[in-house]
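**Q** Dumping the structure here so I can ask a few things about it.
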């Protein structure tokens, strides 16, 4: 069976859930070969085995993570040349897409981004224009490079004993163009990360102020969810920009999305419309968000949200 | 400093966006065209850098006649001149071929800095800046929410999933910006009037030494197989809060096994 390269997404050895999704997807179409770049492999290898990596290419050289994106693409390009994989899968995160883009140029291959499903022959499913259209596309030139949106595949464990191979690349000068001087990890607390969370609770204009976001956080914590915010809320300074869900913010596609005090402007819908189940609380019964919901409560969020939080805690 | 801002004309997200059934490319007639929102932040950043460092801001766009509207917007904001690459041969170009075409133009017109929005609101591939950097062989300073330029050195904050990276490079470089970087200015009346007199150079593929076989649908390395409207969501249940809205929502979540 042909190998499929899967770029492991990790922060200093902590493997992101999307990696397990990609390994699961790769196994359905070939032999999953994980590509590890950077420090921390020893602590993560069991996880890659648990999700069925048949092989792991380990590139631990620190130089590969000291520059922005380019070295990773260079390593992948070399692996493609050496191993002739059937395809390369990367997470459709900001950096993952950039790696895919550079790799595509290097190996002169087509690239599909933000794929939400993969059929035979690497035909990718896309949800475009904010979820209004479902399209399928394929790569017609070179080795398919596919950037897969987090949360679009259910990760399935399938224990394996991966073969390990140390790999390295001598970086070109061009790949060393942008130095990473310092990595700043921002406190994210106990909550899951927004783009990979199974449940997201977001607050919008209706929340009315920064202090009131405590209501949203309480509800999120009762569900083990990530917190998001609409652009109106982040523009008003009530919640940090990095939590913005929407067209100019993050795209999320969780199992459950709870929109609190969010009207559902197109800006916001573009970032959350593909969520599997949508629940909204809003006092305006005409709010466009209600066109999307599986369950909607027309009411005052200051009454409804705390009651919902209490009820969830009681049921746990 | 020679700053080039790449802008893209995209269908307004507030109008209905469609693909054409024939060649499965974007139906540009179906929706109103507007400048890609994130590119406005790129224009603003270019103008800010020019104001501090001196130089000239050139707007570069690739697209049909209609894309001239986006050029005018950027010129009205304060850019000095524009280059509009427009040719039937370019219709249907994917990200890879678009990056090739723009690279040819950038080599022709020259640059110290290329700035663009981190993604477009239509295709949302988020790859163009990285591709341009790769093709041009210059540093990639992308997903920036803060950019400082001093002579030929550039320092930036690059947004990441865990926070941000502080990065450094030297010019020339390709920069992409996210929306929290600045607040784009509104064109003034004076700016709008002045924009009408600013030079816009129009280039066809041959003028920019773009190989027509490598762009458009012929040159695309990806192919749309099919598309259809997303199945409509089943109409959800909507209840009015009668003092028990929270409990009812909890019941719904329990029925779906979320709690």
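Residue numbers (UniProt numbering), protein chains in the order written: chain A, 1 to 316; chain B, 1 to 259. For every residue, glycine included, the Cβ atom is placed at its ideal position computed from N, Cα and C.
(1) To which residues of the same chain is residue 261 of chain B closer than 6 Å at the C-beta, ignoring the five residues directly before and after it?
(2) Check whether the Cβ atoms of residue 95 of chain B and residue 141 of chain B lie closer than 7 Å to each other.
(3) What beta strand (DSSP E) runs, 3 residues minimum, are completely inside the segment 225 to 250 of chain A?
(4) Could you tell me whether the segment 209 to 224 of chain A touches the segment 179 to 186 of chain A, using the rule of 3 or more Cβ pairs below 8 Å?
(5) I'd like to know whether the C-beta of residue 23 of chain B is nearer than 7 Å to at least one C-beta of chain A.
(6) Which whole runs of the beta strand (DSSP E) in the segment 139 to 205 of chain A are 3 residues long or more, in chain order?
(7) Can you give the Cα-Cα distance for residue 276 of chain A and residue 299 of chain A, rounded to whole angstroms?
(8) Looking only at C-alpha atoms, which of B/101, B/181 and B/238 sits nearest to residue 86 of chain B?
(9) When DSSP builds the beta bridges, which residues end up paired with residue 293 of chain A?
(10) I want to know whether the segment 287 to 305 of chain A touches the segment 227 to 238 of chain A - three or more CB-CB distances under 8 Å.
(11) What ranges does the alpha helix (DSSP H) occupy inside the segment 257 to 314 of chain A, keeping only unbroken runs of at least 4 residues that lie completely in it?
(12) Given that residue 185 of chain B touches chain A, what residues does it touch there, using C-beta distances under 8 Å?
(13) For residue 315 of chain A, go through chain B and note every residue whose CB falls closer than 9 Å to its CB, in chain order.
(14) Between residue 139 of chain B and chain A, is any beta-carbon pair separated by less than 7 Å?
(15) On the premise that residue 239 of chain B lies in contact with residue 297 of chain A, defined as a C-beta separation below 8 Å, what is that separation, rounded to the nearest angstrom?
(16) Note down the Cα distance separating residue 182 of chain B from residue 3 of chain B, rounded to an integer number of angstroms.
(17) Using DSSP's beta-bridge definition, name the partner residues of residue 89 of chain A.
(18) Which residue marks the beginning of the alpha helix (DSSP H) containing residue 104 of chain A, and which one marks its end?
(19) Would you say residue 221 of chain B reaches chain A, if we count a Cβ-Cβ gap shorter than 7 Å as a contact?
(20) Could you tell me if residue 220 of chain A is buried or exposed, where buried requires 16 or more neighbouring beta carbons within 10 angstroms of its beta carbon?
(21) Got a sec? Which residues, its chain only, sit under 6 Å from residue 90 of chain A by beta carbon, not counting five neighbours each side?
(22) With respect to the beta strand (DSSP E) encompassing residue 57 of chain B, which residues constitute its N-terminal and C-terminal limits?
(23) Under the three-state reduction of DSSP, which class applies to residue 157 of chain B: helix, strand or coil?
(24) Output needed for residue 27 of chain B: all residues of its chain with C-beta closer than 7 Å, excluding positions within five of it in sequence on either side, in chain order.
(25) Applying the criterion that 16 or more other CB atoms from any shown protein chain within 10 Å of the CB defines a buried residue, is residue 239 of chain A buried or exposed?
(26) How close, in whole Å, do the beta carbons of residue 37 of chain B and residue 248 of chain A come, if the pair is a contact with beta carbons under 8 Å?
(27) Applying the 10 Å Cβ sphere with the 16-neighbour rule, what's the burial state of residue 45 of chain A?
(28) Rank A/304, A/81, A/36 and A/141 by C-alpha distance to the C-alpha of residue 166 of chain A and give the top, closest one.
(29) Take the Cβ of residue 1 of chain A as the centre, count every other Cβ of all protein chains shown within 10 Å, and call the residue buried at 16 or more, exposed below.
(30) Quick one: does residue 169 of chain B have its CB under 7 Å from some CB of chain A?
(31) By a C-beta neighbour count over all protein chains shown, 10 Å radius and 16 as the cutoff for buried, is residue 135 of chain B buried or exposed?
(32) Any beta-carbon of chain B closer than 7 Å to the one on residue 269 of chain A?
(33) In chain order, what are the residue ranges of uninterrupted beta strand (DSSP E) at least 3 long that sit wholly in the segment 23 to 66 of chain A?
(34) Is there a Cβ of chain B sitting closer than 7 Å to that of residue 308 of chain A, yes or no?
(35) Report, in whole angstroms, the separation of the C-beta atoms of residue 207 of chain A and residue 215 of chain A, which I expect to be a contact under 8 Å.
(36) By the three-class DSSP mapping on this structure, what secondary structure does residue 113 of chain B have?
**A** If we stick to the structure as given:
(1) No information on residue 261 of chain B is available, as it lies outside the stretch 1 to 259 that chain B covers here.
(2) Taking 7 Å as the Cβ cut-off, residue 95 of chain B and residue 141 of chain B do not qualify as a contacting pair.
(3) Correct list: 226 to 229.
(4) These segments do not touch.
(5) Answer no: the Cβ-Cβ gap between residue 23 of chain B and chain A never drops below 7 Å.
(6) Runs found: 145 to 148, 163 to 166, 179 to 185 and 199 to 203.
(7) Between the C-alpha atoms of residue 276 of chain A and residue 299 of chain A there is a straight-line separation of about 23 Å.
(8) Residue B/101 is the option with its Cα nearest to residue 86 of chain B.
(9) Answer by DSSP bridge pairing: none, since residue 293 of chain A is not bridged.
(10) When Cβ pairs closer than 8 Å are counted between the two stretches, the segment 287 to 305 of chain A is seen not to touch the segment 227 to 238 of chain A, the count staying below three.
(11) Fully enclosed alpha helix (DSSP H) runs of 4 or longer: 266 to 272.
(12) The premise fails here: residue 185 of chain B is roughly 16 Å from chain A at the closest Cβ pair, so nothing lies under 8 Å.
(13) Contact note: residue 315 of chain A reaches chain B through 250, 253, 254 and 259, using a C-beta cutoff of 9 Å and chain order.
(14) Closer than 7 Å: yes.
(15) Between residue 297 of chain A and residue 239 of chain B a beta carbon distance of about 6 Å is seen, short of the 8 Å cut, so the two are scored as contacting.
(16) Roughly 17 Å separates the two Cα atoms.
(17) Answer is A/6 and A/146.
(18) In the DSSP assignment, residue 104 of chain A falls within the unbroken alpha helix (DSSP H) covering 94 to 107.
(19) Yes, residue 221 of chain B counts as interfacial toward chain A.
(20) Sixteen is the threshold: when 16 or more other Cβ atoms of the shown chains lie within 10 Å of the Cβ of residue 220 of chain A, as they do, the residue is buried.
(21) 7, 96, 99, 100 and 147.
(22) First-last of the beta strand (DSSP E) with residue 57 of chain B: 56 to 62.
(23) Look at residue 157 of chain B here: in three-state DSSP terms it is strand.
(24) Excluding residues within five positions, the ones whose Cβ falls inside 7 Å are 18, 19 and 20.
(25) When all chains shown are included, residue 239 of chain A counts as buried.
(26) 6 Å between Cβ atoms; contact.
(27) A residue is called buried once 16 or more other Cβ atoms fall within 10 Å of its Cβ, and residue 45 of chain A is buried on that count.
(28) Out of A/304, A/81, A/36 and A/141, A/36 has the C-alpha closest to the C-alpha of residue 166 of chain A.
(29) Residue 1 of chain A should be labelled exposed.
(30) Yes, its Cβ sits closer than 7 Å to a Cβ of chain A.
(31) Classification of residue 135 of chain B: buried, given that the 10 Å Cβ count is 16 or more.
(32) Any Cβ of chain B closer than 7 Å to the Cβ of residue 269 of chain A would place that residue at the interface, and such an atom is absent.
(33) The segment 23 to 66 of chain A is shown to contain whole beta strand (DSSP E) runs of 3 or more residues at 31 to 37 and 55 to 59, in chain order.
(34) With respect to chain B, the C-beta atom of residue 308 of chain A has a partner C-beta closer than 7 Å.
(35) The Cβ separation is near 7 Å, so the contact holds.
(36) It is a strand residue.
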